[in-house]
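Notes for the one structure printed next.
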Amino acid sequence: MTLKIKLVQESDLDVLTRHPETSDPADDLVAPPCPVTWPVVTRTEARVRARYHFEWQKRRLLGDPSLNFLKVVDDENGDDIVAVARWHFYPKGYDYESNKHWEMAQSTPLGRTNPSDNKSQTVETAEYPPSNFNLSLHNYILTMRDSFRPDWIPNGGPVWILMHLVTRPSQRRRGAAGMLVRWGQVQAQITGASVYLEAGIQGQPMYEKYGFQQVGATRRLDIRSYGAAVEEFTLANMRWSPVFTELHIPPAKAAKPLKAFL
5 MTLKIKLVQE SDLDVLTRHP ETSDPADDLV APPCPVTWPV VTRTEARVRA
55 RYHFEWQKRR LLGDPSLNFL KVVDDENGDD IVAVARWHFY PKGYDYESNK
105 HWEMAQSTPL GRTNPSDNKS QTVETAEYPP SNFNLSLHNY ILTMRDSFRP
155 DWIPNGGPVW ILMHLVTRPS QRRRGAAGML VRWGQVQAQI TGASVYLEAG
205 IQGQPMYEKY GFQQVGATRR LDIRSYGAAV EEFTLANMRW SPVFTELHIP
255 PAKAAKPLKA FL
């Protein structure tokens with residue numbers, strides 16, 4: 005089977021929304037912190053979560069000029085999407101105040117702008133937020149992650165930030181995540197910018213494999229007061245720089261420059 009990197013199109017988000025219809029509830033491409041803040045057990049719960057999550061991603065795809073939304077597809081299986089990544093490029097540095105709104109989960113159901121709007125909803129979205137979605141915890145984690153960036157990501161110069169990278173659980177250990185990481189490293193070499201990301205416990209070893217180094221101490225967010233199933237949410241701030249690291253990628257596996265996708 006051959007895996008290839010392509011740009012995510014708006015129509016792909018509809019495909020990603022439908023993954024729970026034919027797969028196990030957790031076998032989708034919904035990004036962290038959703039597994040903690042919006043756990044699912046049934047396909048119905050997974051469909052609701054995917055519908056909201058990818059509608060939020062669509063908003064960013066259509067409106068955020070910093071975004072390079074990538075997918076890895078299996079071209080021998082109908083271009084099935086096995087992994088996605090959101091790479092963001094900020095030529096003048098990352099500014100939290102102008103970007104903080106992007107990651108926040110909305111407080112109203114899809115199709116509503118006013119919580120008191122009584123327009124009819126489908127059965128799946130009649131209750132929002134659903135009882136299994138801890139909206140306040142979700143926004144707390146992302147606010148704490150993003151608001152800390154000015155403290156460790158240099159401002160004023162070009163930076164790449166990997167906001168999230170997700171592989172479907174059923175498609176792991178095929179190299180898709182590594183392809184997406186290498187793509188960003190190649191862009192960093194082309195633009196002369198360093199790469200930054202926040203890794204969870206499970207993802208950190210993979211990033212270390214590709215030369216990322218932790219910046220500062222591991223951050224541990226105490227989330228007990230939010231009623232979470234776990235006591236803390238852990239983040240490791242990580243950096244990779246083409247200035248200090250020579251990247252060796254076999255030509256056949258090298259990530260293509262950004263312009264090759266446009």
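Everything in the sequence shown is counted per the working numbering, starting at 5 for the first residue and increasing by one.
Virtual Cβ for every residue (Gly too), placed ideally from N, Cα, C.
What did DSSP end up calling residue i once you bin it into helix, strand or coil?
i: Tyr200; result: strand
i: His105; result: coil
i: Val247; result: coil
i: Thr206; result: Looking at the sequence provided, one finds Gln at residue 206 rather than Thr. Three-state DSSP puts Gln206 in coil, outside helix and strand.
i: Thr46; result: coil
i: Asp226; result: strand
i: Ile9; result: strand
i: Val163; result: strand
i: Leu114; result: coil
i: Pro24; result: helix
i: Leu184; result: helix
i: Val40; result: helix
i: Val19; result: helix
i: Val170; result: strand
i: Ser120; result: Any reading at Ser120 needs caution, since the residue's pLDDT is 46, under 50, leaving its predicted position unreliable; the model's value is listed next. Coil, per DSSP.
i: Gln125; result: Caution applies to Gln125, whose pLDDT of 45 falls short of 50 and renders its modelled position unreliable; the model cannot decide the point.
Going by beta-carbon coordinates alone, are residue i and residue j separated by less than 8 Å?
i: Asn143; j: Met167; result: no
i: Val170; j: Leu33; result: yes
i: Ala203; j: Ala240; result: yes
i: Val86; j: Arg172; result: yes
i: Leu71; j: His57; result: no
i: Tyr100; j: Pro134; result: no
i: Tyr132; j: Pro113; result: yes
i: Asn138; j: Ala232; result: yes
i: Val12; j: Leu65; result: yes
i: Arg55; j: Thr21; result: yes
i: Pro37; j: Leu146; result: yes
i: Val76; j: Asp83; result: no
i: Trp187; j: Leu74; result: yes
Between which two residues does the beta strand (DSSP E) carrying residue i extend?
i: Glu236; result: 236-244
Quick one: Cα of residue i to Cα of residue j, how far?
i: Leu141; j: Thr41; result: 6 Å
i: Gln193; j: Thr46; result: 43 Å
i: His105; j: Tyr214; result: 30 Å
i: Tyr230; j: Arg53; result: 19 Å
i: Lys8; j: Tyr211; result: 20 Å
i: Trp164; j: Ser102; result: 16 Å
i: Lys96; j: Arg178; result: 35 Å
i: Asp79; j: Lys10; result: 11 Å
i: Gln189; j: Thr195; result: 10 Å
i: Lys123; j: Trp156; result: The predicted model places Lys123 with a pLDDT of 49, which falls under 50 and marks its position as unreliable; any figure quoted below should be read in that light. So the two alpha carbons sit approximately 45 Å from each other.
i: Trp60; j: Thr238; result: 24 Å
i: Arg243; j: Phe216; result: 5 Å
i: Met183; j: Val219; result: 23 Å
i: Ala50; j: Tyr98; result: 33 Å
i: Asp31; j: Ser174; result: 6 Å
i: Pro69; j: Ala89; result: 16 Å
i: Val247; j: Ser198; result: 8 Å
i: Arg223; j: Arg149; result: 9 Å
i: Gln208; j: Glu14; result: 30 Å
i: Thr48; j: Thr6; result: 32 Å
i: Cys245; j: Ser151; result: Looking at the sequence shown, residue 245 is not Cys but Ser. Those two C-alpha atoms are separated by around 22 Å.
Starting from residue i and walking both ways along the alpha helix (DSSP H), at which residues does that stretch end?
i: Leu33; result: Leu33 -> no alpha helix (DSSP H), and no H or E assigned at all.
i: Asn143; result: 139-151
Beta strand (DSSP E) runs wholly inside the segment 59-112, at least 3 long, in chain order:
71-78, 84-94
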